[in-house]
Amino acid sequence: MDEHALVARIARATSLLVATDFDGTIADITTEPDGARARADALSALSALAALPGVHLAVVSGRDMKSLHERTRALVSVYRVAEHGAFLEAPDGTQLGAAHVAPARVLDELVRLAEAHHARVPGMRVERKTSSVAVHVREVEPDARAAAVEMLAAFRRAARAAELVVIDGRQVVEARDPRASKETALAFVLSRLPEGTFVVYAGDDTTDEGAIALARQRGGAGIYVASAERPTPNVEADLVLPGPPAWAELLERIARARSS
128 MDEHALVARI ARATSLLVAT DFDGTIADIT TEPDGARARA DALSALSALA
178 ALPGVHLAVV SGRDMKSLHE RTRALVSVYR VAEHGAFLEA PDGTQLGAAH
228 VAPARVLDEL VRLAEAHHAR VPGMRVERKT SSVAVHVREV EPDARAAAVE
278 MLAAFRRAAR AAELVVIDGR QVVEARDPRA SKETALAFVL SRLPEGTFVV
328 YAGDDTTDEG AIALARQRGG AGIYVASAER PTPNVEADLV LPGPPAWAEL
378 LERIARARSS
C-alpha cells in the first residue's frame with residue numbers, strides 16, 4: 128500500500144484509531160533515554176487529529192506511565208499504554224484491565240544479576256520498572272562490548288528460567304511478564320471503540336511488531352518506522368518509513384485529509 132492510498136482509506140473511515148509507539152517513532156532516539164522528547168511536529172499533528180470527530184489516539188510505549196505522561200502531557204483524549212502493555216490508561220485517566228506484573232523478587236534478582244557486572248561493563252544502565260527489568264547497552268564502551276554480550280546471555284538465561292519473556296530491542300534487552308504485550312493492549316483499546324474502527328499502528332522496534340501485525344489482521348494498517356539499527360521489520364508492514372520525521376509528516380497528511 129502506498130502512502131496516497133493509505134491516506135485515502137483513512138480519510139473515509141467513520142471511526143479511526145491512530146496508535147503510535149513513542150521512542151524512535153514520535154520521538155527521536157537519544158543516547159540518554161531521559162533526554163528523549165516527542166517531536167513538536169508529531170505532537171501538533173496528533174493534537175489536530177484528536178480534535179476531529181471519530182478519531183481516537185493511543186500512545187503505546189515501553190516507558191513507565193509517569194515518564195510517558197511527562198512526555199505526552201500536551202495530548203488530550205489519548206489512551207496511554209505503558210511498560211509494553213502492562214499498564215493501560217483511558218483518556219480520562221482511569222486504569223483499564225489488570226496490570227500484568229512479574230513477582231518483585233524475580234525482578235529484583237535480575238537487577239542484582241545485571242548490576243553485579245557494572246564494573247566489567249562501563250556504560251551499562253539497569254532500569255527497574257514496575258513490571259520489568261531493562262538493561263540498556265547503547266553507551267557501553269567499545270572495549271567492554273564482549274563483557275556486555277556475556278552479561279546479557281546470563282541475564283536472558285535467568286529471565287527465561289523465571290518464565291519471563293525476553294525482548295531484544297534497540298540497544299536494550301528487557302525481561303517482562305509474558306501476559307503483557309503491545310498487541311494485547313492494542314486489542315483491548317480496540318474492544319472499547321466502535322466495531323469496524325480502522326486502526327493504524329506505527330512503531331520502530333521488535334516490541335512493536337506484534338501490534339503492527341494485529342493492526343493488519345484487523346483490516347487496518349501497520350507502519351514500520353525504520354532506523355539504521357533496524358532497517359527492516361520481521362513482520363509484514365503496509366509502509367516502511369525512513370524515520371520519525373517521515374511519520375510526523377504522514378500524521379500531518381492524515382490530519383489534513385480527515386479535516387477536508
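Position 151 (the sequence shown) corresponds to 278 in my numbering; numbering is contiguous.
Every residue gets a Cβ at the ideal spot worked out from N, C-alpha and C, and that includes glycine.
The structure presented is a predicted model; accordingly, all values stated were derived computationally and were not measured.
For residue i, the nearest candidate out of the options (CA to CA)
i: R198; options: P160, R383 and A217; result: P160
i: A154; options: E379, G296 and P371; result: P371
i: E379; options: E336, E266 and V134; result: V134
i: A209; options: I156, L313 and V253; result: L313
i: L240; options: A280, R357, R265 and H131; result: A280
i: D270; options: P249, A285 and K256; result: P249
i: A217; options: F149, H196 and A165; result: H196
i: V182; options: Y206, A167, A201 and R166; result: Y206
Local conformation of residue i per DSSP, three classes
i: I294; result: strand
i: S354; result: coil
i: R166; result: coil
i: E268; result: coil
i: R383; result: helix
i: E322; result: coil
i: A348; result: strand
i: D161; result: helix
i: I288; result: According to the sequence shown, residue 288 is Ala rather than Ile. In the structure shown, A288 sits in a helix (DSSP, three-state: H, G or I).
Whether residue i touches residue j by CB criterion (9 Å)
i: S258; j: A226; result: yes
i: G364; j: G349; result: Checking the sequence shown, residue 364 turns out to be Ala, not Gly. Yes; because the gap between Cβ atoms is below 9 Å, this pair is in contact.
i: V352; j: G330; result: yes
i: V228; j: D304; result: yes
i: V326; j: L144; result: yes
i: V394; j: A177; result: Given a span of 128 to 387 for the chain in the structure shown, any question on residue 394 remains unanswerable.
i: V299; j: H245; result: no
i: A132; j: T147; result: no
i: E301; j: A340; result: no
i: M128; j: L377; result: no
i: R255; j: L234; result: yes
i: D219; j: S188; result: no
Limits of the unbroken beta strand (DSSP E) element including residue i
i: G330; result: F325 to G330
i: F214; result: F214 to E216
i: E301; result: V299 to R303
i: E254; result: R252 to R255
i: V134; result: Unbroken run through V134 is the alpha helix (DSSP H), E130 to R139; no beta strand (DSSP E).
i: A146; result: L143 to T147
i: H263; result: S259 to H263
Range covered by the alpha helix (DSSP H) that runs through residue i
i: A312; result: K309 to S318
i: A338; result: E336 to Q344
Query raised in the report: Curious, which full-length beta strand (DSSP E) runs of at least 3 residues does the region 164-238 contain?
Result: Runs of the beta strand (DSSP E) inside the region 164-238: 182-187, 205-209 and 214-216.
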